[in-house]
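Enquirer: One structure, pasted below without further comment.
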Amino acid sequence: MNDPARGIYVLSVTSFHSSPVGGGILIGTDTRAGKSRRARISVGIVTRPPRAGESWRVSGHWIKDELHGWEIEAEKALPVVPTGEAIMRWIASSEALPGIGRATARRLWAALGSDLYRALREGDASVIAPVTGPSAAIAMVAEFRLLTGEIEVFEWFDLHGLDPRVAVAAAGLWGTEAIERLEANPYCLSLLESWKRVDDRARALGIAQDDERRLVAAVNEAVARRYKGHGRGAGGHMSATRQQLISIVRQLLGHATADLADDAVTLAMDRGELIEHAGQLQGRGPYLMERQVERSIGERLAGSTRSLDAAAAIAGVEEELGLRFDAAQIEAVTTATESRFAVIDGAAGTGKSMVTRAILRAAQRAGRSFIQVALSGRAAKRLREATGYEALTIHRFLKGVTNGNIRLEPGKLLIDEASMVSTPDLWQILNSALPTTDVLLVGDPGQLPPINAGNPLAALVASTDIPRVTLTRIHRQSGRSAIPVVAASIRSGVLPHLPFFDLSCSDDEGVLLLPTELDDVPGRTVDVFEAFVGPPAERPCREAVRRLHAARVQILGSTVLGPVGVRAISDRVEARWMTAQPQVPGWGLGEGSKILWTRNSYGHDTGVSDGGGGNVVADIMNGSLGIIQRATDEGAVTIFDDETSTRALVRARDLERVQRGWAITVHKAQGSAFETVIMPVVRSRLLDRQLLYTAITRATTRVVLVGDPALLQAAVEKPPSGSARQQGLFSSRNDERRRTG
């Protein structure tokens with residue numbers, strides 16, 4: 000290959016080799032040059048794998064692969080209708096036409112020639128039947144019609160300048176109806192593209208500024224922005240006031256038609272896109288989701304209870320742990336064992352894990368099934384260690400129910416770290432559980448709200464209709480400034496006196512402060528890290544790496560970017576402690592490096608043999624931390640600290656979902672536990688008492704806060720941003736109670 004220029008090539012597909020993470024390598028013959036070509040197809044470029052015998056138009060630029068030489072880096076890849084002798088290759092290779100091979104295809108071409116293409120295009124099976132038989136002729140015509148319909152969709156998308164990934168997503172959603180949908184309402188793509196791009200395209204297609212489709216679409220976009228967040232907005236809202244929506248709609252419509260925003264909201268309500276509930280407005284999706292959650296909970300509370308022997312379970316756990324339950328803990332166990340749906344909440348150190356252990360023991364003694372779940376892998380692992388019973392991630396639970404690996408029976412489902420659970424999460428869980436399954440939520444409302452929309456634990460805690468016990472007495476404390484005591488004070492908006500951290504004495508426990516000027520925070524944070532893990536080794540040393548990780552130190556930050564962001568601090572740690580260790584060639588990581596997995600990866604090929612000729616696959620979830628064990632020819636063997644301590648091979652193609660993990664955000668750490676937490680305290684819109692409280696309660700032994708004491712004081716006094724999240728869950732009952740109270 001002498002000309003590495005950009006170009007467009009029509010390839011007759013010989014084979015397609017899928018990547019485990021999506022996309023793959025297309026190998027085919029260039030129909031013009033007659034040469035074999037390789038094309039690299041990235042994730043999201045195609046809606047389905049190309050099939051042998053098909054013709055695909057690939058556009059892109061040439062890159063040089065070390066092993067295979069020149070290949071096309073595809074920017075677009077679209078199937079094209081086979082014509083001429085390409086029809087024979089399609090017929091002979093189509094997986095949808097079993098029993099029709101090369102010999103039959105050649106007979107068809109010999110008998111019909113170019114008329115074969117016309118017959119397939121027009122659906123004239125009678126012309127084909129004398130050669131193949133009636134059944135095969137009908138199947139061939141039907142398959143060709145599906146192919147040409149799919150191609151028509153992609154060609155229409157391409158003609159109108161849609162991004163290939165958007166075209167793939169739209170085709171996946173609507174199939175051959177995509178063109179009809181888009182012609183009827185170009186704004187249906189606002190689910191997949193930015194408002195500006197969709198609006199500009201719709202206007203170019205002749206949609207007027209005051210068109211009702213545009214007005215309603217702007218309202219739906221406003222609802223979506225509040226739900227998902229936009230720009231620097233926090234998002235997570237399930238509802239809004241009318242004025243909040245009008246304000247966003249005015250911006251979306253632009254100056255010329257901003258005065259139509261109020262009419263747009265009214266129109267959306269008339270069409271059922273917006274629903275009024277408890278004095279606020281909700282999009283149809285959030286409204287239906289919340290009402291279904293309320294119905295599921297209400298049906299459980301209305302059902303007959305099946306009381307368990309709480310006293311015997313409590314006695315067993317007391318004997319096992321050598322501890323005594325206080326009155327509130329006994330009430331919590333009793334309430335949970337007597338209720339079809341209940342909530343147990345409390346701050347860190349109030350004994351929620353001990354209560355949970357007794358509840359599961361009571362279910363076990365009664366012979367009832369029980370399942371305990373948590374949102375993240377590390378939270379599930381921590382739950383298993385705390386209770387002594389198996390725990391699953393919510394994803395693994397839902398997946399197991401769907402594929403039949405988890406057999407649900409009447410019993411108890413416990414959802415731990417419920418503060419992390421969003422309304423969509425709870426909706427999925429309740430829809431998957433049997434109506435006869437009792438549900439218990441355990442969590443700490445003082446922690447950060449869920450990453451996704453809603454804040455159901457806060458709504459349930461605020462409702463007087465839900466059986467609930469709040470644990471307030473702190474049991475777990477140690478050191479000069481016990482973590483739970485300090486955390487509880489910060490949770491209430493009061494910053495207690497914190498002892499200063501001495502870099503020369505790293506044995507102190509509790510919550511400690513290292514006063515630091517802003518410019519010095521990154522360096523001093525690394526100094527504190529070194530105080531706990533020791534200086535780096537000057538030469539490769541596995542023992543030094545083992546000691547480094549055995550210290551169980553984690554840096555938690557509020558921001559990702561910037562000089563005090565978690566990426567920059569992770570880079571500092573990596574450069575200082577990993578430089579002498581054996582490197583993974585070209586990765587900027589070494590043996591012993593800590594990594595953070597940043598995307599949910601379902602069915603990741605671990606590289607570990609399953610004994611049957613293939614490899615074990617595992618789900619590696621967003622937020623999993625891993626330690627690189629050793630480099631291999633294929634990549635790096637890594638152990639992830641998730642619910643099953645997954646050992647997996649990380650390959651070069653996985654690097655787009657890997658970051659250094661020495662420092663991570665507090666949001667990523669929620670549900671986790673580390674022996675020592677170091678937190679740089681810097682100005683951030685996210686810094687408030689909720690963030691500090693969550694970070695502090697991730698530590699089991701000590702926390703060192705590095706920063707300006709005045710900034711820390713202001714953050715503790717600042718109202719938590721999570722409390723501003725709007726939702727309608729159980730709000731109508733609470734509003735009615737307030738009016739009649």
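Counting in numbering that gives the first Met the number 0, the sequence shown runs from 0 upward without gaps.
Ideal Cβ placement from N, Cα and C applies to all residues, glycine included.
Since we're looking at a predicted model, the values are computed, not measured.
May I have the straight-line CA-CA distance separating Gln-725 from Val-248, to the nearest angstrom?
Expert: About 18 Å.
Enquirer: Check whether the region 215-228 touches the region 239-259, taking contact to mean three or more Cβ pairs, one atom from each stretch, closer than 8 Å.
Expert: Yes: at least three Cβ pairs fall under 8 Å.
Enquirer: In this structure, does DSSP put Gln-427 in helix, strand or coil?
Expert: Residue state, collapsed to three classes: helix.
Enquirer: Output needed for Leu-407: all residues of its chain with C-beta closer than 7 Å, excluding positions within five of it in sequence on either side, in chain order.
Expert: The answer, listed in chain order, is Val-400, Ala-432, Leu-433, Thr-436.
Enquirer: Measure the CB-CB distance between Asp-415 and Ala-347 and report whether it falls below 8 Å.
Expert: Contact: no.
Enquirer: Short of 8 Å in beta carbon distance, which residues of its chain neighbour Leu-654, apart from the five on each side in sequence? Order them along the chain.
Expert: These residues qualify, in order along the chain: Trp-586.
Enquirer: Thinking C-alpha only, which one of Gly-622, Thr-256, Leu-686 is nearest Pro-719?
Expert: Comparing Cα positions, the closest option is Leu-686.
Enquirer: Within this structure, are the beta carbons of Ile-489 and Val-715 separated by less than 8 Å?
Expert: Contact: yes.
Enquirer: By a C-beta neighbour count over all protein chains shown, 10 Å radius and 16 as the cutoff for buried, is Ser-134 buried or exposed?
Expert: Ser-134 comes out exposed.
Enquirer: Where does Asn-614 sit, in a helix, a strand or coil, going by DSSP?
Expert: Strand, per DSSP.
Enquirer: Which of helix, strand or coil does DSSP assign to Ala-341?
Expert: Looking at Ala-341 - three-state DSSP - the assignment turns out to be strand.
Enquirer: Alpha carbon to alpha carbon, how far is Arg-37 from Arg-742? Give it in angstroms, no decimals.
Expert: Since the first and last residues shown for the chain are 0 and 740, residue 742 lies out of range.
Enquirer: Fully enclosed by the region 45-92, which alpha helix (DSSP H) runs are 4 residues long or longer?
Expert: With a minimum length of 4 residues, the continuous alpha helix (DSSP H) runs that stay inside the region 45-92 are 85-92.
Enquirer: With distance defined between alpha-carbon atoms, name the residue in Ile-178, Ala-168, Ala-263, Leu-252 nearest to Val-215.
Expert: Selected option, being the one with the closest Cα: Ala-263.
Enquirer: Comparing alpha-carbon positions, which option in Ile-44, Ile-26, Val-552 lies nearest His-67?
Expert: When each option's Cα is compared against that of His-67, the closest is Ile-26.
Enquirer: Return helix, strand or coil for Met-678, following the three-state DSSP convention.
Expert: Here Met-678 sits in strand by DSSP.
Enquirer: Just the Cα atoms here: how many angstroms apart are Ile-473 and Ala-73?
Expert: Roughly 59 Å between the two C-alpha positions.
Enquirer: Just to confirm the assignment, what range does the alpha helix (DSSP H) spanning Ser-125 have?
Expert: Taken as a continuous stretch (DSSP letters only), the alpha helix (DSSP H) holding Ser-125 covers 124-131.
Enquirer: Just mark Gly-622 as buried or exposed, buried being the case when its beta carbon has 16 or more other beta carbons within 10 Å.
Expert: Flag for Gly-622 reads buried.
Enquirer: Starting from the Cα of Ile-40, find the closest Cα among Thr-30, Ile-638, Gly-403, Ile-62 and give me that residue.
Expert: The option with the nearest alpha carbon to Ile-40 is Ile-62.
Enquirer: Report yes or no: do three or more beta-carbon pairs, one from the region 674-684 and one from the region 629-642, lie closer than 8 Å?
Expert: Cβ pair count under 8 Å is below three, so no.
Enquirer: Checking the sheet assignment: what are the DSSP bridge partners for Leu-513?
Expert: According to DSSP, which records beta bridges pairwise, Leu-513 is partnered with Val-705.
Enquirer: Taking its Cβ as the centre, do 16 or more other Cβ atoms sit within 10 Å of Gln-208, making it buried, or is it exposed?
Expert: Burial call: exposed.
Enquirer: Smallest Cα separation from Val-45: which of Asp-269, Val-140, Ala-168?
Expert: Out of Asp-269, Val-140, Ala-168, Ala-168 has the C-alpha closest to the C-alpha of Val-45.
Enquirer: Look at Pro-111 and Ala-118 and say whether their C-beta atoms are less than 8 Å apart.
Expert: According to the sequence provided, residue 111 is Leu. The question's Pro does not apply to it. Going by C-beta atoms, Leu-111 is nearer than 8 Å to Ala-118.
Enquirer: Would Ala-417 pass as a contact of Leu-456 if the rule is Cβ separation under 8 Å?
Expert: Yes, these two residues count as a Cβ contact at 8 Å.
Enquirer: Per DSSP, what kind of secondary structure is Gln-281 in: helix, strand or coil?
Expert: Strand.
Enquirer: On the premise that Asp-570 lies in contact with Arg-659, defined as a C-beta separation below 8 Å, what is that separation, rounded to the nearest angstrom?
Expert: With 8 Å as the limit, Arg-659 and Asp-570 qualify as a contact, their Cβ atoms being about 6 Å apart.
Enquirer: Applying the 10 Å Cβ sphere with the 16-neighbour rule, what's the burial state of Lys-593?
Expert: Its Cβ being crowded by 16 or more others within 10 Å, Lys-593 is buried.
Enquirer: Could you give the residue range of the alpha helix (DSSP H) that holds Arg-196?
Expert: Looking at the DSSP string, the run of the alpha helix (DSSP H) that includes Arg-196 is 194-203.
Enquirer: Since Ser-58 and Thr-30 are thought to touch, with beta carbons under 8 Å apart, how far apart are those beta carbons, to the nearest angstrom?
Expert: Rounded, the Cβ-Cβ distance is 14 Å, inconsistent with contact.
Enquirer: For Leu-560, which of Ile-568, Trp-55, Met-353 has the nearest alpha-carbon?
Expert: Of Ile-568, Trp-55, Met-353, the residue nearest in Cα terms is Ile-568.
Enquirer: Whole angstroms are fine: how far does the CA of Ile-626 sit from the CA of Asp-618?
Expert: If I take the Cα positions, the gap works out to 17 Å.
Enquirer: When we look at the beta-carbon of Pro-97 and count the other beta-carbons within 10 Å, is it buried (16 or more) or exposed?
Expert: Exposed, because fewer than 16 other Cβ atoms sit within 10 Å of the Cβ of Pro-97.
Enquirer: What are the boundary residues of the alpha helix (DSSP H) that includes Gly-376?
Expert: Start and end: 376-386.
Enquirer: Buried or exposed, going by whether 16 or more other CB atoms sit within 10 Å of the CB of Ala-326?
Expert: Exposed is the call here.
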